[in-house]
Each structure stands twice: as structure tokens, then as C-alpha cells.
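In our numbering, the protein residues as written are 1341 to 1507.
In this text, a Cβ means the ideal position worked out from N, Cα and C, and glycines have one as well.
Please read the structure below before turning to the comments.
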């Protein structure tokens, strides 16, 4: 019996994609463990010792941004974004292929535009030398990581334009 939710089945890639996914998955695991540790230490410090962890909120903020964008390439490659099916029931197989093609093209263009804007913003942060308030950590490296992950998602989306639809 398969208890998986629709669209949540484990998908295994091959080759270079598998290597990239493994690296990004490992990064996500490490970030989640860090966030859990930071939150745990902060809560225990706050309520038991009346001494919260300095910069815990800020560190969680920065790590959460990286976590979300580190997962974006995998979600894009496997086309597992949240979707709402309004007209799919009325479309035939050919129309669904056309629909998926248009969705992939629009997604690729939007991700590419977002990548350019994110990279530009990261450059501005680096030029200004923006630092976080509590920890005094440079913000630009986090912005560059986010822009890079969006760029990888753009490449994944671009490849999906030329591959057959998975659903």
C-alpha cells in the first residue's frame, strides 16, 4: 500500500543532477540542524537562565533564507511547486503538454529575472558593506548564495522546457 501524498513520492535523479541534489540536500540538513540547535539553546537560555542567545533571531533569519533557496533547485527540477489545478480536468493530453511548456517557459524567464535582481542586490549589499545588527555578520554572502541557488533553479527550469512533461 502506498501512503504517499500525491506528488510527494521519492524521486531519484541520475548523474550530475543527483550529485547537485545530494550536495543541496546535505546543505539543507546542516542548516536545519543549525537552526534547531540555535532555537533550542535560545529557548533554554531565555526561560531557564534568563539569558537568551545573542543574535539567535538574526541567525535563524539568515539561515532560513538560505534554506528556502537551497531547496528551490530540487523543487524546480522535479516540478513539485505548489499548484492549483483549475482547468486541468478539461484539457486533453496535447493541451496539457502545451500548458506545461508555457508554464516552464514563464517559470524560466521569471527565475532568470529574479536571479539577475538578486545578484544585483547582493552586489549592492557587498558595496555598502551591509552587516546584520546583532551579530555584525556581512549580509552579502547570504545574498550571493540565494542568488546562486535561484540561478541553479533557473537552469533546472530551462532543462524542463526541453524535456517531456513528467505528469
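Validate contact between the segment 1429-1447 and the segment 1494-1505 using beta carbons, cut 8 angstroms, 3 pairs: yes
Whole-number beta carbon distance between residue 1393 and residue 1408, since they are thought to touch under 8 angstroms: At roughly 22 angstroms, the Cβ-Cβ gap does not stay under 8 angstroms, so residue 1408 and residue 1393 are not in contact.
Please list, in chain order, all residues of the same chain as residue 1494 whose beta carbon is under 7 angstroms from its beta carbon, the five residues on each side excluded. 1448, 1451, 1452, 1455
With a Cβ-Cβ cutoff of 8 angstroms, do residue 1510 and residue 1431 count as a contact? One cannot answer for residue 1510 here, as it falls past the ends of the chain, which runs 1341 to 1507.
Residue 1489, buried or exposed, once every other Cβ within 10 Å from all chains shown has been counted against 16: buried
Give the straight-line distance between the Cα atoms of residue 1466 and residue 1478, rounded to the nearest whole angstrom. 8 angstroms
State the beta-bridge partners of residue 1512 as determined by DSSP. The structure shown does not extend to residue 1512, since the chain is modelled only from 1341 through 1507, so no value can be given for it.
Would you call the segment 1396-1414 and the segment 1479-1488 touching, i.e. three or more CB-CB distances under 8 angstroms? yes
Tell me whether the beta-carbon of residue 1413 lies closer than 8 angstroms to the beta-carbon of residue 1496. yes
Would the beta-carbon of residue 1395 fall within 8 angstroms of that of residue 1474? yes
Exposure of residue 1293, with buried meaning 16 or more beta-carbon neighbours within 10 Å: Because the chain here runs from 1341 to 1507, residue 1293 falls outside it and cannot be looked at.
Best match in 1359, 1399, 1464 for proximity to residue 1510 [C-alpha to C-alpha]: The requested residue 1510 does not occur in the structure, where the chain is confined to residues 1341 to 1507.
What separation, rounded to the nearest whole angstrom, lies between the Cα atoms of residue 1457 and residue 1482? 14 angstroms
For residue 1492, which of 1368, 1383, 1462, 1415 has the nearest alpha-carbon? 1415
Where do the N-terminal and C-terminal ends of the alpha helix (DSSP H) with residue 1400 fall, by residue? 1396-1417
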